[in-house]
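Asks: Chains A and B are the protein sequences, given in the same order. Residue 312 in our numbering sits at position 312 of the first sequence, with consecutive numbering throughout. Residue 107 in our numbering sits at position 107 of the second sequence, with consecutive numbering throughout. Quick reminder that beta carbons are idealized off the backbone N, C-alpha and C, glycines included. Being a predicted model, the structure only gives us computed values, none of them experimental.
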Amino acid sequence: MRPFTYERAGDLSEASRLGANTGQGQTDAPVQFLAGGTTLVDLMKLDVLRPTRVVDISPLGADLAGVALTSRGLHLGALATMSKVAEHPDVRRAYPAIAESLSLAASDQLRNMASLGGNVLQRTRCPYYRDPSWEACNKRRPGSGCTAIQGYNHNHAVLGVDENCIAQYPGDLGVVLAAFDAEVELSGPSGARLLAFTSLHRPADGEPHLETNLRPGEVITGFNVPAGAWTRRSLYLKVRDRSSYEFALASAAVGLDMDGETVRQARIGLGGVAYRPWRSPEAEAVLVGKPLDEATAKAATDAAFAGAVTHGGNDFKPELGRRTLVRALLQAQSLPVSEAS
Amino acid sequence: MHQSSDTRGPSRRGVMGAAAGLAAGSAARVAAQPAVSGAESGGHVAMRLQINGHDHDLNVDVRTSLLDALREHLDLTGSKKGCDQGQCGACTVLIDDQRELSCLTLAIAAQGRRITTIEGLAGADGALHPMQQAFIDNDAFQCGYCTPGQILSAVACVAEGHATTDADIQEHMSGNLCRCGAYPKIVLAIKQARGQMGRG
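(1) Based on the DSSP output, what are the partners of His75 (chain A) in its beta bridges?
(2) Hey, out of A:Pro281, A:Leu330 and A:Thr38, whose CA is closest to Ala295 (chain A)'s CA?
(3) Where does Asn59 (chain B) fall in DSSP's three states?
(4) Going by DSSP in three states, Lys80 (chain B) sits in which element: helix, strand or coil?
(5) Determine, using beta-carbon pairs with one atom in the stretch 186–198 of chain A and one in the stretch 218–225 of chain A, whether at least three such pairs fall under 8 angstroms.
(6) Using a cut-off of 9 angstroms between C-beta atoms, extract the partners of Leu110 (chain A) located in chain B.
(7) Would you please verify whether the beta carbon of Thr92 (chain B) is less than 7 angstroms from any beta carbon of chain A?
(8) Using a Cβ-Cβ cutoff of less than 8 angstroms, which residues in the same chain neighbour Asp205 (chain A) once the five nearest sequence positions on both sides are dropped?
(9) Starting from Ser153 (chain B), find everything on chain A with Cβ-Cβ shorter than 8 angstroms and list it in chain order.
(10) In the DSSP assignment, what are the bridge partners of Trp230 (chain A)?
(11) If we ignore side chains and look at the alpha-carbon of each, how far apart do Phe4 (chain A) and Leu18 (chain A) end up?
(12) Since I believe Thr38 (chain A) is in contact with Ala114 (chain A) (beta carbons under 8 angstroms), could you give me their beta-carbon distance rounded to a whole number of angstroms?
(13) To the nearest angstrom, how far is the alpha carbon of Ser174 (chain B) from that of Leu76 (chain B)?
(14) DSSP three-state call for Ala306 (chain A): helix, strand or coil?
(15) Quick check: is the beta carbon of Gly78 (chain B) nearer than 7 angstroms to any beta carbon in chain A?
(16) Is DSSP giving Thr27 (chain A) helix, strand or coil here?
(17) Tell me which same chain residues have a C-beta within less than 8 angstroms of the C-beta of Pro132 (chain A), skipping the five on either side of it?
(18) Is Ser338 (chain A) helix, strand or coil by DSSP?
(19) Could you check whether the Cβ of Val41 (chain A) sits closer than 7 angstroms to any Cβ belonging to chain B?
(20) Using only CA atoms, which one of A:Asp181, A:Glu284 and A:Arg92 lies nearest to Asp68 (chain A)?
(21) Using a Cβ-Cβ distance under 7 angstroms, would Ile108 (chain B) count as near chain A?
(22) Of all the residues that make up the stretch 48–76 of chain B, which are near chain A by a beta-carbon distance shorter than 9 angstroms?
(23) Using a Cβ-Cβ cut-off of less than 9 angstroms, list which residues of the stretch 214–238 of chain A approach chain B; keep chain order.
(24) Where does Gly160 (chain A) land, buried or exposed, given buried means 16+ other C-beta within 10 angstroms?
(25) CA-CA distance, Cys146 (chain B) and Ile169 (chain B)?
(26) Where does the unbroken beta strand (DSSP E) through Arg276 (chain A) begin, and where does it stop?
(27) Whose Cβ in chain A lies nearer than 9 angstroms to the Cβ of Gly43 (chain B)?
(28) For Ser13 (chain A), does the three-state DSSP call read helix, strand or coil?
(29) Here's a check: name, in chain order, each residue in its chain whose Cβ is nearer than 8 angstroms to the Cβ of Gly171 (chain A), leaving out the five neighbours to either side.
(30) Using a cut-off of 9 angstroms between C-beta atoms, extract the partners of Ser58 (chain A) located in chain B.
(31) In terms of alpha-carbon separation, which member of A:Leu249, A:Ala157, A:Gly217 and A:Gln265 lies closest to Gly307 (chain A)?
(32) Just checking my contact of Val176 (chain A) with Tyr236 (chain A) at CB under 8 angstroms: how many whole Å lie between their CB atoms?
(33) With a floor of 4 residues, list each alpha helix (DSSP H) that falls wholly inside the stretch 175–227 of chain A, ordered by position along the chain.
(34) Would you tell me roughly how many angstroms separate the C-alpha atoms of Val55 (chain A) and Asn21 (chain A), rounded to the nearest one?
(35) Leaving out the 5 sequence neighbours to the left and right, which residues in its chain are closer than 7 angstroms to Gly73 (chain A) when beta-carbon positions are compared?
(36) Measuring only between beta-carbons, confirm whether Gly37 (chain A) sits less than 7 angstroms from chain B.
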């Protein structure tokens, strides 16, 4: 690990001042915020992230770790740990997909450490990104090429990829937040602002080294997840190479608002298969106003994966992703939830 | 609560640690934390860690993980370095009674938190913790390398209320890998100890 200066930020303005060079998530950003450390310390050991200054924002957790359920929706503090939110009774009851996405992620130890803000910013697990001995990685070294496209790409993305990068977004919570219209609360040098969660992560767009639309010095302070009839009839289904403590090969976040057998509204997110937290309005549109059965679920999943691009090792993914989403939709339909409330 | 400094005589670990520190050599500055305010000493910083009920004052490279602080500077070698990447759980310690990974924790960021390692689990009279005894009674290890992490993780697993069924135990112990494959006996050990431990 390269030498760095360690500083603690006592409050948000200090964090933004000390973090003025955090950049947009590129690996050469000279300043990195430290919360739980489960991504940052790992990638610093691997020499992928090379900050000269580490700003510890864990003191902000005194004010930014709350979980609050109101009539408008769910508010999650960015410094709340994954385990705290996964176990929170209000989240489990009113937003089960969020609780499930967290409890199916990582291990108990990592969930006790990782903050929500850090979790949604988790970097790809692409082995060529994580190992600097590979020369070519456009995400790590802009313009150097992509080793994965011709290489080992078993768990690489099939949606949202381009000819420069096929890295998979490995997170789970982010998939639910994308599906559920969440907003990100930010605090930065020029004040506070709100960002749609689906605008937090940038598309590949030929610039995969730029991860987010965060401005330098901006700290994620929380998440707003609006209330909706679909949040209670929701789940997160995760399919992986082993049954626990593993990243998704394919996952689906589903929220349904049902009128009897007919879908009034649907919220659909896809994980393990996409370049960034992925919502599928195409699949949602197929379902609205239709009875939900295996045939309509399949039609929705065909729409979701219509644009899939594979590279050999991940040729299985569109089909696995479709089957995962079909199962998630049918399971969500049969959840014992009363629509009356 | 006692207070002690890291003032032991030279040991193999100590000598190797000093050599590594010299090799690192570049400056790191630390500010805004009372214990280390303004420190600038060739990459080394002063810090105080609270481990097993004792305060330990250290002067180590700012990059030192909590795991390395324990093993290389405090001779608390019960915490094991398996992968050093947060994937195997061998380095699990309790921090403020929660299980966390000491390999992904910067020592300097662990100041002010209560750290429990396997060395601190037995009672003051030396009596083994029920979980330690249960691992022995059930032969819940072969090589033993993952065992300290397994035991601390298991203590937390029970305290959290995540040891109600075999499936529950398996799910909530999945962050601790055992390459000898002692998993069935680890489950038996946890089931033995859970009734002997008070919650929390």
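Replies: Taking the coordinates as given:
(1) A:Ala68 and A:Asn224
(2) A:Leu330
(3) strand
(4) coil
(5) yes
(6) Gly86, Glu100, Leu101, Leu104 and Gly175
(7) yes
(8) Asp162
(9) Those are Asp108 and Gln109, listed as they occur along chain A.
(10) DSSP output for Trp230 (chain A) lists no bridge partner at all.
(11) 13 angstroms
(12) 5 angstroms
(13) 25 angstroms
(14) coil
(15) no
(16) coil
(17) Cβ-Cβ distances below 8 angstroms link Pro132 (chain A) to Leu46, Asp47, Val48 and Arg140 in the same chain, with the five nearest sequence neighbours on each side left out; the list follows chain order.
(18) coil
(19) Closer than 7 angstroms to some Cβ of chain B, the Cβ of Val41 (chain A) qualifies, so yes.
(20) Note on identity: in this sequence residue 68 (chain A) is Ala, with Asp being the wrong assignment. The option with the nearest alpha carbon to Ala68 (chain A) is A:Arg92.
(21) At least one chain A Cβ lies under 7 angstroms of Ile108 (chain B).
(22) Flagged, chain order: Asp61, Val62, Arg63 and Ser65.
(23) none
(24) buried
(25) When rounded, the separation of the alpha-carbon atoms in Cys146 (chain B) and Ile169 (chain B) is 17 angstroms.
(26) Careful: Arg276 (chain A) lies outside any beta strand (DSSP E) and carries neither H nor E.
(27) What Gly43 (chain B) touches in chain A: Pro3.
(28) helix
(29) Ala105, Asn119, Val120, Gln122, Gly271 and Pro277
(30) Ala109
(31) A:Ala157
(32) 6 angstroms
(33) none
(34) 11 angstroms
(35) Excluding sequence neighbours, Gly73 (chain A) sits near Asn224, Val225, Pro226 and Ala227.
(36) yes
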